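Here is the structure we will look at.
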Amino acid sequence: MLSDSTMKSQVTSILIPVIVPVLLIIVWIYAALKIGNQVILPPIDNVLNLLANPTENLISMGSLASNITVSLVRVLMGYLLAASVGIPLGVIMGYYALVFRLMNTFLNLFRPIPPLAWVPLVMAWFGVASMATAFGVETGKLYIYLNNLKFSMIFIIFIGGFYPILTSSIHGVAGVNRTLIDSARVLGASELQVFRKVLLPAAMPSIINGLRIGLGISWMCLVSAEMLPGSISGVGYLITHAYTLASIDIVIAGMISIGIVGMTMDRIFHHIENRRYAWQRLTR
Amino acid sequence: MSRGSIDMTVILSANQVCKIFWTNNGDRIRAVDTVCLSVMENDFVCIVGPSGCGKSTFLRITAGLEPASSGDVRFRGLEIKKPLPQIGLVFQEYSLFPWLPVIDNVASGPEFAGMKKAKRLDLARHYLDVVGMTEFAAAFPHELSGGMRQRVAIARAFANDPEILLMDEPFGSLDAHTRILMQKELLRIWETHRKTILFVTHSVDEAVYLADRVVVMSARPGKIKEIHKIDMGRPRSRANPSYGELTDRILQQLEQEVMGLKN
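Just so you know, the sequences run in chain order A and B.
The first sequence maps to residues 0 to 283 in numbering that gives the first Met the number 0.
The second sequence maps to residues 0 to 262 in numbering that gives the first Met the number 0.
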């Protein structure tokens, strides 16, 4: 039996986070009625209808679900690339002061450049070349899939995810207690074992945090990447193209999907962080 | 219990060890100055000295974690250039891997050496038993008290079966009561497991309670000022007049050092 007060606190803890979204929805419903113009603010049920039927084919643009899938694959490719370069480089830079001095100024030069500012250069380099070009596939279903993965897009997403992952890896490793490394060496760890068994696990909470932020930024770079020439799919494409067709309900449904997917990915990471790395919160 | 002079093999020898540091403003600091020391097998040697006298640096050189600027430390005649499996080291604190449960911490030395999982966990269980920590095998370091963590650190060092155990103020951050308890425990373990121990401390009482020989170091640059041989049997009583006498004498020597009065 729950006591009255715990029941109450449970109810409020569920209630409080939904207050603002509900208010927003009420304002939306009211404003849409007042404005009465679909091109400025469509009624909420139009948008909810689109979200409720994500597999429905939208005029010449494919379905919401298929566009999200394409976007997810792109983001994951760029992001995995960012992680597979950022983590090893960051760990090495964090451990070897010489490598840090060698690379840091160079990398910091590029850090302030927004991913979007890379677009012209990236277009000049890669144009509309895609994974299909790389694998030499020119026809068939596979071509359609691979051609969706433009190098230029993957590069923009990579740039977005790379810096947070790199920075948090450097800081994670640089912050590892010297005594832990010395203990491992005295216990007979080789240089490689120090990396794998001490530096990586000790820096992992920080690295995971960087991965989480990096995924968020990669996902945010998506729209700019999907506005690049040659893009004929993806949520970013969907909302920009829907705008030209004055389908603001599709624009809003697309934006909400971007938000939901991003939030879900963030939640998953947060969950892993809390479960696996409780020791870090509790140490000292 | 007195230790005979039967095994007088030198296991560790420091020859003219010097260590020079350069500070960020380019100053030269002589941390350890021509230290010569021989440690016999099964010896329990304590090093005391004013803080900053280089005693921990000397221990790090002995562990193979840092090179000497000149001179060398030899293990059974071989120069120590990197950490050796025969030489273990217990730090003051924060040396346990916080992401591993106690048992895996203790098993980490054998794991680095490539021992099979079942075997190394058995070994770890054995040494946890030795230090009285069996029931905390699954606990994480942050769940333990300071004294318990040091028990685990000692078990971890023992699991590597070193011939020499270096201890760098291992009880320095414990409260007085736990500290005395841990000193007794250490002696008990040492007497059953027969290791050579080189123990750095800033507590004169601790040194006199534990050691066969107490090495007194001078203020920086750290030189050996005197080596006291202690013939009292164990367990030692702090009420024993010669215990107090010796403690007093060493304290006076250290006081002179701190006041900067070189003899």
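Heads up, the beta-carbon is just placed ideally off N, CA and C, and yes, glycines get one too.
Bear in mind the structure is a predicted one, so any value in this text is a computation, not a measurement.
Shown here for Lys196(A): same chain residues with a beta carbon closer than 7 Å to its own, the five before and five after excluded, namely Ala183, Ala188 in chain order.
When beta bridges are read from the DSSP output, Phe20(B) appears opposite Ile28(B). For Asp167(B), the enclosing beta strand (DSSP E) stretches over residues 163 to 167.
By the Cβ-count criterion, Asp204(B) is buried, with 16 or more other Cβ atoms from all chains shown falling within 10 Å of its own Cβ.
Closest in alpha carbon position to Met130(A), among Pro113(A), Val121(A), Val90(A), Ser151(A), is Ser151(A). Nearest to Ile223(B) by C-alpha distance, out of Asp103(B), Asn159(B), Val213(B), is Val213(B).
His192(B) has no beta-bridge partner at all, per DSSP. When only Cα atoms are considered, Arg237(B) and Arg148(B) end up about 27 Å apart. Taking Leu95(B) as the centre and dropping the five residues before and after it, the same chain places the C-beta of Asn104, Pro140, Arg148, Val151, Ala152 closer than 7 Å to its C-beta, in chain order. Neighbours of Gly108(B) in chain A, taken as residues at a C-beta separation under 7 Å, are given in chain order as Leu186, Gly187.
Between the alpha carbons of Gly126(A) and Ile28(A) lies a gap of roughly 43 Å. In the DSSP annotation of this structure, Arg237(B) is not part of any alpha helix (DSSP H), being labelled neither H nor E. Residue pairing from DSSP places His227(B) in a beta bridge opposite Val213(B).
In the structure shown, Thr138(A) adopts coil according to DSSP, grouped into three states.
Residue contact check for Asn176(A) against chain B: a CB pair falls below 8 Å. Under the Cβ distance rule, Leu191(A) does not count among the residues neighbouring chain B, no pair being separated by less than 8 Å.
For the stretch 43 to 76 of chain B, the set of positions with a beta-carbon nearer than 9 Å to some beta-carbon of chain A reads Arg59, Ala62, Gly63, Leu64 in chain order. Linking Ala67(B) to Ala224(A) through their CA atoms gives a straight-line distance of about 56 Å.
Listed in chain order, the positions of the stretch 202 to 214 of chain A with a beta carbon within less than 7 Å of a beta carbon of chain B would be empty, since no residue qualifies.
By the criterion of at least three beta-carbon pairs nearer than 8 Å, the stretch 57 to 69 of chain A is in contact with the stretch 237 to 251 of chain A. Ile10(B) is not a Cβ neighbour of Phe57(B), given a cutoff of 8 Å. Contact with chain B is absent for Leu145(A), since none of that chain's Cβ atoms lies less than 8 Å from the residue's Cβ. Gly159(A) sits in a helix when the DSSP states are folded into three classes. The three-state secondary structure of Phe105(A), taken from DSSP, is helix. Excluding five sequence positions before and after Pro163(A), the CB atoms of its chain that fall closer than 7 Å to its own CB belong to Gly209, Ile212, Gly213, Ile216, given in chain order. Excluding residues up to 5 positions away in sequence, Ile164, Ser168, Ile206 lie with their Cβ nearer than 7 Å to the Cβ of Ile86(A) in the same chain.
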